[in-house]
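In my numbering, the protein residues as written are 51 to 301.
Glycine residues also receive a C-beta, built at the ideal position from the N, C-alpha and C atoms.
These figures come from a predicted structure and were not determined experimentally.
First comes the structure, then the notes that go with it.
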């Protein structure tokens, strides 16, 4: 069996995956297609749980799949419950910076995480992957910037120092989020719809509402996840943490 996780958010991509499926079927190879949450018209965290359930069925690990969902959803619900009563006018406008060339709009699972779980507001009002530039950052002038580790981890300190990380942060030092030091960074896989995404939510939530998450240390939560989910040893956890903060080629 071949398992494909498809990012099929437009007709061209859908046709490409269909050709792959047809070819595999011609060869007598069964295919299971899992749709990335952003493939749906309205991304939703429930589709992440559905993927885990399907994989549990395939590998006859239904009980383990249920335990995994409960563990991850526990962290998701904790973030949601702590932030859901924040008045609309108190929710910051947030720029989801993905790469030196793109930021994420409302038609992405990351925007769903931000608006429906963390309860911030996307500074963008339409689109999915939206071209960015220093001029656009200054024009949007968000209250907060969450830097997603799509092309390499960029720390808040790098941004405050005005480093050129593929995107020249020196050119946007007058942006409100930078001047007020309201930058948060999320690891290489923590920003995606992966097993690690609840840790990314915690980092986001603590950046937006530090007073509501004063008792939460996302770094400790990250280590706990590696132990509980992957069964990693201390030296392996050290390497996993380093990998989340890999700052290779920013493109």
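Problem - Assigned exposure category for residue 293 - 16 Cβ within 10 Å defines buried - result: Label assigned to residue 293: exposed.
Handout entry: Spatial neighbours of residue 191 in its chain, beta-carbon cut-off 7 Å, leaving aside the 5 residues before and after
Key = So the qualifying residues of the chain are 225 and 226.
Practice task
Provide the residue(s) that pair with residue 147 in DSSP beta bridges, ordered along the chain.
Solution key: 153 and 197
Practice task
Could you tell me which residues DSSP puts in a beta bridge with residue 179?
Solution key: 154
Practice task
Determine the extent of the beta strand (DSSP E) in which residue 233 is found, giving its start and end residues.
Solution key: 233 to 236
Problem - C-alpha distance - residue 55 paired with residue 76, whole-angstrom precision - result: 20 Å
Practice task
Please list, in chain order, all residues of the same chain as residue 157 whose beta carbon is under 6 Å from its beta carbon, the five residues on each side excluded.
Solution key: Excluding residues within five positions, the ones whose Cβ falls inside 6 Å are 178.
Handout entry: Cβ pair count under 8 Å reaching 3, the region 140 to 158 against the region 114 to 128
Key = no
Practice task
Assign residue 52 to one of two classes, buried (16 or more other C-beta atoms within 10 Å of its C-beta) or exposed (fewer than that).
Solution key: exposed
Exercise for the section: Assign residue 218 to one of three DSSP states: helix, strand, or coil. Expected result: Note: residue 218 maps to strand in three-state DSSP.
Practice task
Quick one: using the 10 Å Cβ neighbour count with 16 as the cut-off for buried, is residue 195 buried or exposed?
Solution key: buried
Practice task
For residue 209, collect the residues of the same chain with a Cβ closer than 6 Å to its Cβ; drop the 5 residues on either side in sequence, then sort them by chain order.
Solution key: 219 and 233
Handout entry: alpha helix (DSSP H) runs wholly inside the region 240 to 293, at least 4 long, in chain order
Key = 247 to 258 and 268 to 280
Problem - Own chain partners of residue 251 with C-beta closer than 8 Å, once the 5 adjacent residues on each side are dropped - result: Counting only Cβ-Cβ distances below 8 Å, and skipping sequence neighbours, we find 125, 126, 129, 163, 167 and 168.
Handout entry: Option nearest residue 297 by Cα separation, candidates 205, 61 and 282
Key = Of 205, 61 and 282, the residue nearest in Cα terms is 205.
Handout entry: Contact under 8 Å by Cβ, residue 246 with residue 240
Key = yes
Exercise for the section: Let me know the secondary structure DSSP gives residue 118 once reduced to three states. Expected result: helix
Practice task
Report the residue from 236, 153 and 203 whose alpha carbon sits nearest the alpha carbon of residue 181.
Solution key: Nearest of 236, 153 and 203 to residue 181, Cα basis: 153.
Handout entry: As assigned by DSSP and simplified to three states, the class of residue 63
Key = helix
Practice task
State yes or no: is the C-beta of residue 243 within less than 8 Å of the C-beta of residue 82?
Solution key: no
Handout entry: Three-way DSSP call (helix, strand, coil) for residue 54 in this model
Key = Residue 54 carries a strand assignment under DSSP once its states are collapsed to helix, strand and coil.
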